[in-house]
Each structure stands twice: as structure tokens, then as C-alpha cells.
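According to mature numbering (1 follows the signal peptide of the UniProt record, and there is no 0), the sequence shown holds residues -23 to -1, 1 to 428 in order.
Every residue, glycine too, gets a C-beta built ideally from N, C-alpha and C.
Each remark here refers to the structure printed beneath this line.
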Amino acid sequence: MDPLTITTSTLALLGVVAKTTTAVATFSRSCRDARSDLSAVTGELSQLQLVLELLRDDTAAINDQLIPEDVKNRTLSTIQSCSEVINKINITLQKCEGQLGKFKWATYTKAEVNGLRESLRAHRDTLNMALEVVALLYSKAIKDDTTDIRKNVNEIAQDTVKIPEILEELQELRATVAAIPSVTRTQRSVMEQNLQSLEDFAETKPAIPPSNKAVYYQLFDKLDRQGIGIITGEEAVPFFTRSELPPRTLGEIWHEVDEDNRGYLTKDAFTSAMHLIDQKSAFVDAERARYDRLFDQLDKDRNGVITGEEAVPFFEQSLLSHDKLGRIWEQADRGEKGFLTRVEFALAMRLIKQKDPISRLQRMADESAFELLDTGNRGFVTGEEAVLFFNSYNLDEDTLAHIWDLADVQFRGRLTKNEFAMAMHLIRQQGRPNADPLPKIIISGVDFYGS
């Protein structure tokens, strides 16, 4: 199969989505009781449409040989499953036509449609993961050198921060699928195969640098006072708490490395735990100091708090949606005071950092594209190096200039890997119909998602 097969299948499914969206709107007008539930169906169809449009564009442009055969087959299978679910929604709504429509909806159709919506969501999430894999490969196709492609894939697979998060995302999707009662055994099997295909693509064993391992071994030997090759929880936990990580996080790390729940750690298990702790606690002190400096800049009145009017325009620089920023404010503003203290502001910044608007695989794809443009391995690309690449997205000069200013947080005339990924996110966002306006720069030099 070539990528055009995926493209053609995607186009066909987009037609089915459009047809069903119209059918849902028509039924909503005739049955007021169904509007709330069908609004959720319409939202799901809208999100699916966006994923399909992006998948259509990427698969139409990519070299067939760069898409793993299994990923292609699973993607086509998921598209087919999506089509079947959407057609079932259509057929189910048709059964409610006529004078008894409201009765039929309340009696059994409502539950059936809601179940189909959950099934559709699981399929859409699977397609979204496939899209990110294709986007990764599409960025690699910028440089048509299969040797470099294989090298970059191997390098990405060694990323000890992003890969576990991708696998965690897949596990959450598995749990979602398992909780949908309307999914048949056959459908569940197909979705599981699709997820397994994507997991196989992403899975890796993170390597601990030898220099770090040597330090961890020395620490273990100091804690293992009896020289028996193990340390108990009573011995390890007080040491781990020096990291100042939350007890819940430390508990999750212990659970991960103590696979058999033995209550003690071997040298290798301790080494894995220390590696995870270092990953979690890196830059904690520097991060706290950075948030303090930002708070002082926003606290114009020097009264120890910042209001929504002062904070929200700044938070918009994070590029998160207003809905997400609203939920973050609710979490940080303890007591619903309408302002944030210094501690609450730091909490809001950490919550924003956890909501990186760029998906994991998309960030990996952008970083791969960055490496292909950074031919000198300097860790940055200049405007001259990036301009031709950015211009291929057909945005006007003013928009590209504003995007550059938002991404080039230090105003150095060049972009780091993380800044390049943010620029690419903004370019993709502004290239879509009815895109939100780009935010203003309230404080320059702020990287919301970097370390």
C-alpha cells in the first residue's frame, strides 16, 4: 500500500464525518432532549475532522518508504473502524425519526449513541498517535538520506524524558478503550493491535550515562552499611527525601523500581531510582528562582500579589487555550481570591509547564527537523537557515516575524531546539482556518516549557 491509500481513505472518512455532522445537527433541531448529548458527538466529530485533515496532508506528502508497513496497515484499519462507528451513529439516529423519536431517544438510543461516541473517541486518539508518528517521519523526509534517518530515529529512541511519557500516554489510551462497554471483542482486538503497533514504534529502554551510574554506585555503597548488596526502605527513603520531591512522586518511583514489592532495592534498582529522581528534581532551585524573578516583574504595585489583569496576558504567552489557563488559575488561586501569591504563581507556572501545547511526538518531529537544519551541530539555527523552511508554510511576513519574536525568547536572532519547536507549533496553528490571534509579549525571555 502507498501513502495515497491512507490519503484516499482519509478523504472518504472526511466525507462520512461531514454527512454525519449534518445528520446530528438535523436531529438536534427536532429533538431538544438530545441536544446536550449530541453536542458532545458534534465536538468529537469536529476533533476527528482536524486529525483527519492533518493526516491527509502529511501522508500525501511523505515518501512511502518512510512509513513502516505495520503503521500504515494499522492506520488504515483504524480509519475503517472509525467509518463503521460513524455510520452506526447515522443509522441509530435514523431509527429515531418520526413521532416516536423522542421516546426512542430516551428509551435506548441515547445510551447507544453515547457508547458509540466513546468508541469514536478511542479511535480518534489512536489516529492522533498515528498522525504524530507520520509527522515525525515527515520532518525527517526534509533531508532524503536514509542513513541519517536511521541515525536520528535511534537518537530519538534514547531520549530518556519523552519516550516514557509517550508510552504512558498509550497506556492511558488503553485504559480508555478497556472502559468502553459498547466496544465489541473484535473492535477491542483491532484497537489493541493498533496501539501495540504504535507502542512498538516508540518503546525503548532508557540508558543511564556511565558517569552518573558510577556516582549512584558510590552512593549505594555508602548506604549499604552491612555490605549485603541491598538497602531497605528505611535506609533509602530519608536519603531520597533530600531531593524535595513530593512524597507521592517518590512513592511512584519506588513502585517502579521495586517491581516485585520486596521492600528493598538492589544496586541496580537503586541506580534506576536515583536516575529517575535526578530527572524529576533537576533544575528545581533554578526554576524556583526564575519564577520569583517573573513574579517580581509582574507585581507592579509591590504588594506581594498579582491580579488576573496582570497575570493572564502573561500566561497567554504560554500558548495554552483560555480553557486550560482558566482551569490552571482555578487550581492555583486557592480560595478563589482573584489574585495569586508568590507561591501560587509558582504553582501556576509549574502547571503550565505540565501542559506543553506541543504533543510529545510532534516535538520529537520538530527537533528532528531542527537537527537537519543545524548542519554545524551548534545547537541553534539562524534566521537565514530557518527562513526558507518557514516560508514553505505560506504565512505572511508579519505573522512569521511575530512568531519569531515569540519563539526567540532571548532576542538573539537564532532559535534553540526548544524555541524552534515552539515556532513550528505556532506556524502550524496560524496556518489553520480561524486561528486565534498570536499573543502579545508581556515579558521577554520567558521559556514556559524549557528546563
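Buried versus exposed call for residue i [16 or more other C-beta atoms within 10 Å across all chains shown]
| i | result |
| --- | --- |
| E21 | buried |
| F80 | exposed |
| M(-23) | In this prediction, M(-23) has a pLDDT of 39, which is less than 50 and means its spatial position is unreliable; nothing more can be read from the coordinates. |
| F388 | exposed |
| S36 | The residue asked about is misnamed: residue 36 is Thr in this sequence, not Ser. It counts as buried. |
| residue 432 | Lying outside -23 to 428, the shown extent of the chain, residue 432 is not represented and no answer is given. |
| K49 | buried |
| E313 | exposed |
| H299 | exposed |
| L97 | buried |
| V111 | buried |
| T218 | exposed |
| V364 | exposed |
| R51 | buried |
Residue nearest to residue i in terms of C-alpha spacing, selected from the options
| i | options | result |
| --- | --- | --- |
| E95 | K(-5), L15, A(-6) and F272 | L15 |
| V192 | K244, Q406 and T86 | K244 |
| P186 | A213, L253 and T209 | L253 |
| G422 | F291, L324 and F366 | F291 |
| A107 | L70, E46 and G285 | E46 |
| I66 | R319, A(-1) and L(-10) | A(-1) |
| E109 | S345, D375, I208 and T393 | S345 |
| G210 | K199, V320 and G228 | G228 |
| D102 | V28, V320, A213 and F316 | V28 |
| A11 | R51, F425 and T86 | T86 |
| I63 | W82, T19 and F217 | T19 |
| G408 | F425, Y426, K394 and N368 | N368 |
| L53 | L271, I(-18), E61 and R9 | I(-18) |
| S5 | E74, N189 and Q57 | E74 |
| L271 | T226, N238, T(-16) and R319 | R319 |
| E264 | L377, R327, T84 and H232 | R327 |
| A99 | T84, Q331 and C59 | C59 |
| G206 | R225, W231, Y241 and L222 | Y241 |
| R9 | T(-16), A83 and K72 | A83 |
| T3 | T(-16), Q71, L(-11) and P223 | Q71 |
| F347 | I230, V90, G285 and E396 | E396 |
Own chain, CB closer than 8 Å to residue i, minus 5 neighbours either side, in chain order
| i | result |
| --- | --- |
| H402 | L296, P334, I335, Q339 and D343 |
| L(-13) | R33 |
| G390 | T359 and G360 |
Whole-Å CB distance - residue i paired with residue j, under 8 Å assumed
| i | j | result |
| --- | --- | --- |
| Q294 | I418 | 7 Å |
| D310 | L317 | 6 Å |
| T393 | F357 | 5 Å |
Same chain only: Cβ atoms within 6 Å of residue i, ignoring 5 sequence neighbours per side
| i | result |
| --- | --- |
| V234 | A246, S249 and A250 |
| Q274 | I420 |
| H379 | L415 |
| M399 | A384 |
| Q26 | V(-7) |
| E287 | L275 |
| Q406 | A412 |
| D255 | none |
Contact set for residue i: own chain, Cβ-Cβ below 7 Å, skip 5 residues either direction
| i | result |
| --- | --- |
| E362 | L350 |
| E212 | L200 |
| T(-4) | L22, I63, I66 and N67 |
CB contact below 7 Å: residue i versus chain C
| i | result |
| --- | --- |
| L271 | As a matter of chain content, chain C is missing from the structure shown, which is built from one protein chain. |
> In chain order, which continuous runs of the alpha helix (DSSP H) of length 4 or greater are located wholly inside the region 352 to 393?
Replying inline: DSSP runs (the alpha helix (DSSP H)) wholly in the region 352 to 393: 360 to 368 and 374 to 384.
>> Ignoring anything shorter than 3 residues, give me the beta strand (DSSP E) runs that lie fully in the region 284 to 321, in order along the chain.
In response: You should have 316 to 318.
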